[in-house]
Amino acid sequence: MIPEKKEWMDALIARHGLEIHNRFSSATVVSCGLGGLGSNIAIALARVGIGKLVLIDFDKVDITNLHRQQYKASQIGQYKTDALAESLSEIAPYAEIKTVTARLSEDNLTTFLKDADVICEAFDDAEAKAMLVNGVLEQLPGSYLVAASGMAGMDTPNTIKTRNIGKRFYLCGDEVSDVADTIGLVAPRVMLCAAHQAQTVLRILAGDYEV
Amino acid sequence: MIKVNGVEVDIAGKTVTEYLATTNYDPKRIAVERNGDIVFKSQYDVTVLEEGDSLEIVSFVGGG
Chain A
183 MIPEKKEWMD ALIARHGLEI HNRFSSATVV SCGLGGLGSN IAIALARVGI GKLVLIDFDK
243 VDITNLHRQQ YKASQIGQYK TDALAESLSE IAPYAEIKTV TARLSEDNLT TFLKDADVIC
303 EAFDDAEAKA MLVNGVLEQL PGSYLVAASG MAGMDTPNTI KTRNIGKRFY LCGDEVSDVA
363 DTIGLVAPRV MLCAAHQAQT VLRILAGDYE V
Chain B
530 MIKVNGVEVD IAGKTVTEYL ATTNYDPKRI AVERNGDIVF KSQYDVTVLE EGDSLEIVSF
590 VGGG
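Note that the protein sequences, when read in sequence, are chains A and B.
The numbering of the first sequence is the numbering used here, which starts it at 183 and goes up by one.
The numbering of the second sequence is the numbering used here, which starts it at 530 and goes up by one.
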């Protein structure tokens with residue numbers, strides 16, 4: 183039995199206080215990419231009560247994703263946008279979820295990202311990361327951007343960190359562990375980086391801009 | 530002197546493109562902030578670094 187919306191919101195307010203809850207519930211946050219980073223970011227933010235989540239990815243759930251990404255075996259073959267929206271509707275039924283099944287580029291990113299309060303860069307490919315970061319900072323000067331670089335491999339969790347680089351630009355990760363130089367991505371370390379991103383989003387929304 | 534990622538380097542007067550050519554950065558994987566603001570990719574050729582500038586070059590690695 184799923185609780186009514188009022189009961190749900192009252193439970194969040196009891197946790198976070200009305201002022202913070204209002205900031206979270208009126209916010210729009212976008213995840214660009216729904217892999218190990220984006221799927222974890224979206225689940226964390228949905229649980230916390232972010233009002234609107236925009237999920238962007240062009241890809242489908244593959245068996246090789248399941249070792250670290252928040253999908254289920256039954257979702258293999260579905261678009262990640264659809265699969266994650268389905269899971270989020272079960273986790274946080276009153277979050278507004280918008281899906282964009284498309285590949286972001288310099289030419290279309292403004293269309294999909296212009297209404298976001300905070301944008302999470304959660305791509306896998308280094309050149310795609312750089313494209314998005316440059317594109318957002320150049321074209322959307324009103325948005326905050328939380329990007330990630332360096333979370334692959336079996337290295338210590340303690341090197342994952344968050345830095346404030348520009349006025350509206352935060353970067354999470356160890357900044358060096360390239361997926362190409364390691365055994366690949368392992369679930370906890372990617373989750374850790376995603377958690378840095380999600381927590382940074384919340385701090386920005388709460389008005390705490392220090393890292 | 531210009532501060533590049535916290536390290537002082539003697540490159541005042543060079544453009545961003547000229548400085549990057551002396552480094553190992555892959556231009557397709559980087560974002561450059563100068564004094565807290567993004568340097569537009571289209572402006573690398575004409576952005577001349579001035580004494581006292583602070584440059585932050587983020588070089589992305591793969592994985593996510």
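Even glycine gets a Cβ: it sits at the ideal position worked out from N, Cα and C.
Taking residue i as the query, report the chain B residues whose CB atoms sit under 9 angstroms from its CB, ordered along the chain.
i               : result
D239 of chain A : By Cβ distance, chain B contributes nothing, its closest Cβ being about 11 angstroms from D239 of chain A, past 9 angstroms.
Closest to residue i by CA distance: which of the options is it?
i               : options                           : result
Q381 of chain A : A:N204, A:I223, A:I195 and A:Y276 : A:I223
A368 of chain A : A:R285, A:L219 and A:E357         : Checking the sequence, you will find Val at residue 368 of chain A rather than Ala. Minimum Cα distance to V368 of chain A is reached at A:L219.
D397 of chain A : A:R350, A:C375, A:L374 and A:A362 : Only positions 183 to 393 of chain A appear in the structure, and residue 397 of chain A is not among them; the question remains open.
E288 of chain A : A:G324, A:V318 and A:I245         : A:V318
A226 of chain A : A:A376, A:V393, A:R385 and A:E392 : A:A376
S583 of chain B : B:V568, B:Q572, B:T552 and B:A550 : B:V568
E392 of chain A : A:T344, A:T210 and A:G366         : A:T344
M191 of chain A : A:L216, A:A277 and A:I245         : A:A277
L353 of chain A : A:A329, A:A193 and A:G259         : A:A329
L270 of chain A : A:G366, A:A228, A:H378 and A:G335 : A:A228
D264 of chain A : A:I273, A:A362, A:Q379 and A:K280 : A:K280
A550 of chain B : B:Y573, B:E537 and B:G591         : B:Y573
L327 of chain A : A:V361, A:A308 and A:I347         : A:I347
Buried or exposed, going by whether 16 or more other CB atoms sit within 10 Å of the CB of residue i?
i               : result
T364 of chain A : buried
E579 of chain B : exposed
S239 of chain A : Checking the displayed sequence, the identity of residue 239 of chain A turns out to be Asp instead of Ser. When all chains shown are included, D239 of chain A counts as buried.
Y619 of chain B : Given that chain B is displayed from residue 530 to residue 593, the structure contains no residue 619 of chain B and the question cannot be resolved.
K570 of chain B : buried
N340 of chain A : exposed
G199 of chain A : exposed
K262 of chain A : buried
M397 of chain A : Chain A is shown only over 183 to 393; residue 397 of chain A falls outside these bounds and no answer can be derived.
M395 of chain A : A question about residue 395 of chain A goes unanswered here, because the residues of chain A that appear run from 183 up to 393.
Once the 5 residues before and after residue i are set aside, which same chain residues still bring their CB inside 6 angstroms of it?
i               : result
P370 of chain A : none
V577 of chain B : T544
E357 of chain A : S331 and G332
P275 of chain A : I184
E562 of chain B : E585
Going along chain B in order, which residues have a C-beta closer than 7 angstroms to the C-beta of residue i?
i               : result
G348 of chain A : E562, G565, D566 and I567
V358 of chain A : V590
G218 of chain A : G593
A362 of chain A : G591
D192 of chain A : Here the premise fails: no neighbours, minimum Cβ distance about 36 angstroms.
A308 of chain A : R558, F589, V590 and G591
Counting only Cβ pairs nearer than 8 angstroms, list the residues of chain A close to residue i.
i               : result
V575 of chain B : Simply none; closest approach about 15 angstroms.
G581 of chain B : Per Cβ cutoff of 8 angstroms: no residues; G581 of chain B is ~18 angstroms from chain A at best.
I559 of chain B : A312
V545 of chain B : Here the premise fails: no neighbours, minimum Cβ distance about 13 angstroms.
What does residue i touch in chain A if you count any residue whose Cβ is under 9 angstroms from its own?
i               : result
G535 of chain B : Those within 9 angstroms of G535 of chain B in chain A number zero; the least Cβ separation is about 11 angstroms.
Enumerate in chain order the residues of its own chain whose CB-to-CB distance from residue i is below 7 angstroms, with the five nearest sequence positions on each side excluded.
i               : result
A388 of chain A : I202 and R205
V212 of chain A : V236, I238, L295, A298, I301 and C302
D241 of chain A : K262
S207 of chain A : G231 and G233
G259 of chain A : K242 and V243
L322 of chain A : T292, L295 and K296
By DSSP's criteria, residue i is part of a beta bridge. Which residues make up the other side?
i               : result
E537 of chain B : B:K532
S410 of chain A : No statement about residue 410 of chain A is possible, as the shown extent of chain A runs from 183 to 393 and does not include it.
K242 of chain A : A:Y261
C354 of chain A : A:A330 and A:T344
E394 of chain A : What the structure shows of chain A is the stretch from 183 to 393, and residue 394 of chain A is not part of that stretch, so it cannot be assessed.
Please return the same chain residues whose Cβ sits closer than 8 angstroms to the Cβ of residue i, not counting the five positions on each side in sequence.
i               : result
S588 of chain B : Y554, D555, R558 and I559
A209 of chain A : I232, G233, K234, D299, V300 and L387
In chain B, what lies closer than 8 angstroms to residue i by C-beta?
i               : result
E320 of chain A : I567, F569 and K570
L367 of chain A : G592 and G593
G332 of chain A : V590 and G592
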